[in-house]
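J.:
Quick look at the structure:
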């Protein structure tokens, strides 16, 4: 006797799947003909690391790894992750991620290991989307938002020990308004090793930026782990009361959760953190002990979209908003866009580096994918929706 399909039970199952935010996709996988990953490649170009996955039918997927380690990240992908992913089922994403995470755990779990895994994982999501003819946001579970506001973000750090003056920062903020952004964040680049600096750049820089952009533009400040709790509270209070700064990001050293909780409890402004958390487990501890008001996950540090889904689940369960840390304009911005489109609590303005920073990376793509008038529109093309120029990448790759 043929089993009947109970419509109510099916609909109930679909509803349950919507609640289980990080669930895999077995029904889609069953209809794909069991595609396998034939090849994993990594390309370290100047200022970026790109990853290419090729399926046995020739379909390709691309992702962007964390760039901090450059060639070393590419080597982890070639020597460690390729052995795990090559020959595997394209739709065994969760199992592959878990195996890779634990097999290369001793190389991290943060740093090189997480950044390398992020590139492979995002490339696999792109590949699955192309095989199915679906955008990644659909594979994640649907689209909460088709577009979202972004704020322009820049750092005082010019590299090689050089920093913007307050006037330089004011000019850059004004330029970002000219690009169409309607909110600005300035990153102070103080860092843990310089905590509580005698020559503190935060208030002079924020004052100059506020004067340049006017009082109506939202202004956020990232201390880049620059203070101990007492100084963070004093600086944060001045930023909020004098300059109307509404978001104070990473005021204390990244893993000093007790200090962060003290600051969060003392200030009447949004405390953001999470950029430097490399695992869902670390986000759990950050939420429980650091008590931030806003989470800033970065897919390129957080081992990819597979891990980011678990962070979104934590945020949803704790009713915490998400605003991604996004300092990369190309494939990482695309991955973040699909994540933000789906993630239930990603309702705040999201970070974007603008059209100027790292603009040289667009030579590796057929067309740019940038916000317009402070709004980023989520791609609907299959996969991540951004097509690399493979010849240009190979020509510059190490």
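Residue numbers (my numbering): 592 to 989. In this text, a Cβ means the ideal position worked out from N, Cα and C, and glycines have one as well.
Relative to the alpha-carbon of residue 722, which residue among 784, 625, 913 and 779 has its alpha-carbon at the smallest distance?
T.: Position 131 of the chain shown, counted from the start, is the residue given in the question as residue 722. The candidate whose alpha carbon is nearest that of residue 722 is 625.
J.: Does the separation of the CB atoms of residue 767 and residue 814 fall below 7 Å?
T.: Position 176 of the chain shown, counted from the first residue, corresponds to residue 767. Position 223 of the chain shown, counted from the first residue, corresponds to residue 814. Their beta carbons are not under 7 Å apart, which means residue 767 does not touch residue 814 by this criterion.
J.: What residues are listed by DSSP as bridge partners for residue 913?
T.: Translated into positions along the chain shown, residue 913 becomes position 322. In DSSP, residue 913 forms a bridge with 886.
J.: Count the other C-beta atoms from every protein chain shown that fall within 10 angstroms of the C-beta of residue 639, then say buried if there are 16 or more, exposed otherwise.
T.: Here residue 639 refers to the residue found at position 48 of the chain shown. Per the 10 Å Cβ criterion, buried.
J.: Below 8 Å on the Cβ atoms is my contact criterion, and I expect residue 851 with residue 881 to pass it. Report the Cβ-Cβ distance as a whole number of Å.
T.: For the purposes of this step, residue 851 is taken as residue 260 along the chain shown, with counting starting at 1. For the purposes of this step, residue 881 is taken as residue 290 along the chain shown, with counting starting at 1. Rounded, the Cβ-Cβ distance is 4 Å, consistent with contact.
J.: Is residue 890 closer than 7 Å to residue 927 when the C-beta atoms are compared?
T.: The residue given as residue 927 occupies position 336 in the chain shown. The residue given as residue 890 occupies position 299 in the chain shown. Yes; because the gap between Cβ atoms is below 7 Å, this pair is in contact.
J.: Quick test of the definition: if touching needs 3 or more C-beta pairs under 8 Å, does the region 900-908 touch the region 708-717?
T.: Output reads no: the region 708-717 does not touch the region 900-908.
J.: For residue 796, report the span of its beta strand (DSSP E) as first-last.
T.: In the chain shown, the residue the question calls residue 796 occupies position 205. Per DSSP, residue 796 belongs to no beta strand (DSSP E); it is in the alpha helix (DSSP H), 793-804.
J.: Is it right to say residue 676 is buried, meaning 16 or more other beta carbons lie within 10 angstroms of its own, or is it exposed?
T.: As a first step, residue 676 is located in the chain shown; it is residue number 85 there, counting from the start. So residue 676 counts as buried.
J.: In the DSSP output, which residue or residues are listed as bridge partners for residue 963?
T.: Working through the chain shown from its first residue, we reach residue 963 at position 372. For residue 963, which the question treats as bridged, DSSP gives the partners 966.
J.: For residue 989, which of 642, 726 and 964 has the nearest alpha-carbon?
T.: For the purposes of this step, residue 989 is identified with residue 398 of the chain shown, where counting begins at 1. Among 642, 726 and 964, the Cα nearest to that of residue 989 belongs to 642.
J.: With respect to the beta strand (DSSP E) encompassing residue 972, which residues constitute its N-terminal and C-terminal limits?
T.: The count along the chain shown starts at 1 and reaches residue 972 at position 381. Neither: residue 972 is in no beta strand (DSSP E) and is coded neither H nor E.
J.: Exposed or buried, which one is residue 833 when buried takes at least 16 other CB atoms within 10 Å?
T.: Position 242 of the chain shown, counted from the first residue, corresponds to residue 833. So residue 833 ends up on the exposed side.
J.: Tell me which residue opens and which closes the beta strand (DSSP E) that residue 778 is part of.
T.: As a working note, residue 778 is residue 187 in the chain shown. Start and end: 775-778.
J.: With residue 858 as the anchor, note down where its alpha helix (DSSP H) starts and where it stops.
T.: One-based indexing of the chain shown puts residue 858 at position 267. Per DSSP, residue 858 belongs to no alpha helix (DSSP H) and is neither H nor E.
J.: Counting C-beta neighbours from all protein chains within 10 Å, is the total for residue 693 16 or more, i.e. buried, or is it exposed?
T.: Within the chain shown, the letter at position 102 stands for residue 693. Residue 693 is exposed by the Cβ-count criterion.
J.: Which same chain residues end up closer than 8 Å to residue 793 when comparing Cβ atoms and leaving out the 5 residues on each side of it in sequence?
T.: Locating residue 793 in the chain shown gives position 202, counting from the first residue. These residues qualify, in order along the chain: 779, 781, 812, 814, 817, 826 and 830.
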